[in-house]
Amino acid sequence: MSLSPSDNVIINPPSPSEEETRDLAMEFAQRMTVSSGSGANTPSKAQVSPAVKKDFALLNDPEYHTKRLEQIRQKKGYIIDMDGVIYHGTKLLPGAKELVDFLHKNNKRFLFLTNNSAPTPRELQQKLQRLGIDVTEDHFFTAGQATAEFLHSQMPEGGTCFTIGEPGLAYALYEKGFFMNDHNPDYVVLGEGSTYNYENLTKAVQLVCQGAKLIATNLDVENLNSKGNKIPSCGAFAHCVEVITKTKAFFCGKPSALIMRYAQRVLGLSRAETCIIGDRMDTDIAAGISSEIDPVLVLSGVTKMEDLPQFAYRPYVILGGVYEIPNDDKKHSISVEEMEDASRRASYL
Numbered sequence: 009m010s011l012s013p014s015d016n017v018i019i020n021p022p023s024p025s026e027e028e029t030r031d032l033a034m035e036f037a038q039r040m041t042v043s044s045g046s047g048a049n050t051p052s053k054a055q056v057s058p059a060v061k062k063d064f065a066l067l068n069d070p071e072y073h074t075k076r077l078e079q080i081r082q083k084k085g086y087i088i089d090m091d092g093v094i095y096h097g098t099k100l101l102p103g104a105k106e107l108v109d110f111l112h113k114n115n116k117r118f119l120f121l122t123n124n125s126a127p128t129p130r131e132l133q134q135k136l137q138r139l140g141i142d143v144t145e146d147h148f149f150t151a152g153q154a155t156a157e158f159l160h161s162q163m164p165e166g167g168t169c170f171t172i173g174e175p176g177l178a179y180a181l182y183e184k185g186f187f188m189n190d191h192n193p194d195y196v197v198l199g200e201g202s203t204y205n206y207e208n209l210t211k212a213v214q215l216v217c218q219g220a221k222l223i224a225t226n227l228d229v230e231n232l233n234s235k236g237n238k239i240p241s242c243g244a245f246a247h248c249v250e251v252i253t254k255t256k257a258f259f260c261g262k263p264s265a266l267i268m269r270y271a272q273r274v275l276g277l278s279r280a281e282t283c284i285i286g287d288r289m290d291t292d293i294a295a296g297i298s299s300e301i302d303p304v305l306v307l308s309g310v311t312k313m314e315d316l317p318q319f320a321y322r323p324y325v326i327l328g329g330v331y332e333i334p335n336d337d338k339k340h341s342i343s344v345e346e347m348e349d350a351s352r353r354a355s356y357l
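Sequential numbering from 9 applies to the sequence shown in the working numbering.
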């Protein structure tokens, strides 16, 4: 959603104990059991499901977890979600600053990738700066930019849009030659924001019925505000228009492989040399799976360990938070020559 004036308040929460995080996870593991029957036929000692054991091995198996975490540290490129990974609202999460320092120090390439189409990259850069992290504007890419990039690929000459969203989305569209039109636009574009109302949703429905193509920046149906309360997101409003018009919106944000391809292009690295770090199984991890980029789940945001049985896929590794990634081992450093070679290899893919 749009950035609030209170974003300039820096409140860093105390770092959670890694042991506490994993103890809570193990408590859940003990509850996730599979029995062969009920009543008299129920065994006295239930067995933990093999699927659950596998999930928890990604989090806390001394050998399996450590090996995969080390392979993530060896990556040259990092695609990083923001909310739930780097911060919650105006609170910087434990290890966030150390992660960025680790990436800088070891000459890694990284890109903050967000499904939030409301802010511009400059606004995101300024927000992180207020929270104590200094990175340049070119380290950010939003679902709004991905949407504008997609529309430009469809209509290189530019076009017109009826848009519901915040200035960040409109600015991204303008940059690619698309202008606002509420009469007979080429596209109806739905993004994140607090500007939705009955009038503009009705207008969107009517324009789609008249032939405008329906585009949505992302498919998230819900999000969390700064207080941790659920609020409707872009996908919920898009579904409303879809149901009435009997059309299907094209989504450009995560978990679409399209936004991942754009991010890869910015990094200039191959899939094998890149990972994605996120807090949501349905967007971040699914995006990594669909684009064949190793996905890292952190438990500092939306998805919790008890949610994993809902999904038919797994992350590459599970972390309590990004605080697990940074270390001082010099073997993770990438030389300028190595990075140039990696970029050349990626250019042939």
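Every residue gets a Cβ at the ideal spot worked out from N, C-alpha and C, and that includes glycine.
field: Cβ neighbour criterion (16 or more within 10 Å) applied to M188
entry: exposed
Alpha helix (DSSP H) runs wholly inside the stretch 167-224, at least 4 long, in chain order: 175-183 and 206-217
field: Where the alpha helix (DSSP H) through I267 begins and ends
entry: A265 to L275
field: Terminal residues of the beta strand (DSSP E) in which L121 lies
entry: R117 to T122
query: Does the distance from the C-beta atom of T120 to that of C260 stay below 9 Å?
result: One point to set straight first is that residue 120 is Phe, not Thr, in the sequence displayed. Taking 9 Å as the Cβ cut-off, F120 and C260 do not qualify as a contacting pair.
- prompt: Nearest to L107 by CA position, among E131, S125 and R81, is which residue?
  reply: R81
message: I need the straight-line Cα distance from E281 to K84, nearest angstrom please.
response: Each residue's Cα considered, the two are about 5 Å apart.
- request: Return yes when the C-beta of Q318 is under 8 Å from any heavy atom of the ligand COA, and no when it is not.
  value: The ligand content of the structure shown is nil, which means the ligand COA is not present either.
task: Let me know the secondary structure DSSP gives L132 once reduced to three states.
output: helix
field: Backbone CA spacing between P240 and N205 [nearest angstrom]
entry: One C-alpha to the other measures close to 12 Å.
message: What does the alpha-carbon distance come out to for the pair A33 and G97?
response: Residue confidence is low: A33 scores 47 on pLDDT, short of 50, so the model does not pin down where it sits. Its coordinate-derived value is still stated next. Rounded to the nearest angstrom, the two C-alpha atoms are 25 Å apart.
query: Can you list, in chain order, the stretches of the alpha helix (DSSP H) that have 4 or more residues and sit fully within the stretch 298-355?
result: Secondary structure within the stretch 298-355: the alpha helix (DSSP H) runs of 4 or more consecutive residues, fully enclosed, are 344-355 (chain order).
field: Nonlocal neighbours in the same chain, by C-beta distance under 7 Å from D89, ignoring five residues either side
entry: L121, T122, I285, G286, D287 and D292
message: Closest to D336 by C-alpha separation, out of A59, F110 and S57, would be which residue?
response: F110
Sheet register partners of G286 (DSSP bridge): L305
message: Suppose you measure from the CA of C283 to the CA of S351; what does that come to, to the nearest Å?
response: 15 Å
task: Using three-state DSSP, classify G236 as helix, strand or coil.
output: The answer is coil: DSSP assigns G236 none of H, G, I, E or B.
field: Exposure of N237, with buried meaning 16 or more beta-carbon neighbours within 10 Å
entry: exposed
query: So, using beta-carbon positions, are P102 and V325 closer together than 9 Å?
result: no
query: Can you give the Cα-Cα distance for G201 and Q79, rounded to whole angstroms?
result: 38 Å
task: Return the residue from the list I141, D194 and Y179 that minimises the CA-CA distance to A165.
output: Reading off the sequence, residue 165 comes out as Glu, not Ala. The shortest Cα separation from E165 among I141, D194 and Y179 belongs to D194.
- request: Please classify E346: is it buried, with 16 or more other beta-carbons within 10 angstroms of its beta-carbon, or exposed?
  value: exposed
task: In angstroms with no decimal places, state the Cα-to-Cα distance between L67 and E314.
output: One C-alpha to the other measures close to 13 Å.
query: Is D89 helix, strand or coil when you go by DSSP?
result: For D89, the secondary structure class from DSSP, reduced to helix, strand or coil, is coil.
message: Does V344 pass the burial test, meaning 16 or more other C-beta atoms within 10 Å, or should it be called exposed?
response: Exposed, because fewer than 16 other Cβ atoms sit within 10 Å of the Cβ of V344.
message: Rounding to the nearest angstrom, what Cα-Cα distance links K61 and D69 in this structure?
response: Between K61 and D69, the C-alpha separation is close to 10 Å.
- prompt: Between the beta-carbon of L327 and the beta-carbon of V304, is there less than 9 Å?
  reply: A Cβ-Cβ contact shorter than 9 Å links L327 with V304.
task: Using only alpha-carbon positions, find the residue among V93, Y72 and A59 that is nearest to G309.
output: V93
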